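To keep things clear, I will list the structure first and then write my remarks on it.
Residue numbers (this note's numbering): 1009 to 1175.
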């Protein structure tokens, strides 16, 4: 908060999720990577598509599920095509919480691309589903992504992220 808003904080009240909804989703893990986000430039899904393209070189059976809508969706679809991965990327649009929980449970990894996002509900939902999170070491994810539930990356290099995604 100090870095982003220039203000000291006495305490933090974290937003909640319906833990039972997300933790009760029990789906067998598949060769899936997922992102759930509002598809705007701030969420950096374009960067995550590049990370996925690089990761797919080492893990060709992976599929990338992108859940959400927003003004950047056409650009993201075009980028997936330009990267030659459009056959391995599924754009779902908006989905119910139950369907998001099911997809999160099936995923091997949740990728979160935002930098300095104040909290990040979607990564927390993935963790509740037992899916590890790969996120930038900034903002809200620093508060709840630990070595037990994911990895935080300092770099903005797609190769570094792809290496972390493969672990």
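C-beta atoms are modelled at their ideal positions from N, C-alpha and C, and glycine is treated no differently.
All of these numbers come straight from a predicted model, not from anything done at the bench.
> CB-CB under 6 Å to residue 1099, same chain, minus the five flanking residues each way: which ones, in chain order?
Replying inline: 1074
> So, helix, strand or coil for residue 1141, using DSSP?
Replying inline: strand
>> Using the Cβ count rule (16 or more neighbours within 10 Å means buried), how would you classify residue 1256?
In response: The question about residue 1256 has no answer, for the chain in this structure spans 1009 to 1175.
> Is residue 1147 near residue 1128, with beta carbons less than 8 Å apart?
Replying inline: yes
> Can you tell me where the alpha helix (DSSP H) with residue 1135 in it begins and where it stops?
Replying inline: 1129-1136
> Can you tell me whether DSSP reads residue 1073 as helix, strand or coil?
Replying inline: strand
> What is the C-beta distance between residue 1173 and residue 1132, in whole angstroms, given that I count them as a contact (C-beta under 8 Å)?
Replying inline: Rounded, the Cβ-Cβ distance is 19 Å, inconsistent with contact.
> Could you give the distance in angstroms between the alpha-carbon of residue 1064 and the alpha-carbon of residue 1017?
Replying inline: 42 Å
> CA-CA distance, residue 1094 and residue 1048?
Replying inline: 19 Å
>> Looking at the strands, I want to know which residues DSSP matches up with residue 1160.
In response: 1143
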